[in-house]
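Colleague:
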Amino acid sequence: MRLLYITCGSEEEAVKIAQILLSEKLIACANIIAGSTSIYKWQGEVKQHKEAIMFAKTTLKNTKSAIERAQKLHSYELPCILVLPVEGGLPEFIDWVKNEVANVPA
Numbered sequence: 040m041r042l043l044y045i046t047c048g049s050e051e052e053a054v055k056i057a058q059i060l061l062s063e064k065l066i067a068c069a070n071i072i073a074g075s076t077s078i079y080k081w082q083g084e085v086k087q088h089k090e091a092i093m094f095a096k097t098t099l100k101n102t103k104s105a106i107e108r109a110q111k112l113h114s115y116e117l118p119c120i121l122v123l124p125v126e127g128g129l130p131e132f133i134d135w136v137k138n139e140v141a142n143v144p145a
């Protein structure tokens, strides 16, 4: 199992990306946390603005496809999309995630 960490320009954008990834069975579910503040340097300038953070659950097999699809849907030129390995958890939940994305071709 893998956890995708994706920052988005708004809660609406995060919801849209999550809904599409879910409908295409690239993820099993997502949690969206609105109202975070990002501070970063971009093209030589320090920037600060509000974002929404999405945590999406998927499988190792579907990680690459989910990343590629999220990047295409994203409004940012260079979106933050990170993959975090899941070392364990409630076995029934992990099985549920696997079953939700099981029918996606490699």
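40 is the number of the first residue of the sequence shown in my numbering; add one for each residue after it.
Glycine included, C-beta positions come from ideal geometry on N, C-alpha and C.
Can you tell me whether residue 96 is helix, strand or coil according to DSSP?
Modeller: It is a strand residue.
Colleague: For residue 117, which option in 94, 123 and 109 has the closest C-alpha, if you only look at C-alpha atoms?
Modeller: The shortest Cα separation from residue 117 among 94, 123 and 109 belongs to 109.
Colleague: Given a cut-off of 8 Å, decide if residue 124 and residue 41 are closer than it, judged by their beta-carbon atoms.
Modeller: The answer is yes: Cβ separation under 8 Å.
Colleague: Can you tell me where the beta strand (DSSP E) holding residue 43 begins and where it ends?
Modeller: Note, residue 43: beta strand (DSSP E), 41 to 47.
Colleague: Within its chain, find whatever has a CB closer than 6 Å to the CB of residue 46; leave out the 5 residues flanking it on each side and keep chain order.
Modeller: Excluding residues within five positions, the ones whose Cβ falls inside 6 Å are 90, 92 and 119.
Colleague: From the DSSP output, which residues share a beta bridge with residue 102?
Modeller: Looking at the DSSP assignment, residue 102 forms no beta bridge with any residue, so it has no partner.
Colleague: Quick check on residue 116: does DSSP put it in helix, strand or coil?
Modeller: Reduced to three states, the DSSP call for residue 116 is coil.
Colleague: If you count every other CB in all the chains shown that lies within 10 Å of the CB of residue 67, and 16 or more means buried, which is it?
Modeller: Flag for residue 67 reads buried.
Colleague: Using the Cα positions of residue 115 and residue 64, report the straight-line distance between them to the nearest angstrom.
Modeller: Answer to the nearest angstrom: the Cα atoms are 23 Å apart.
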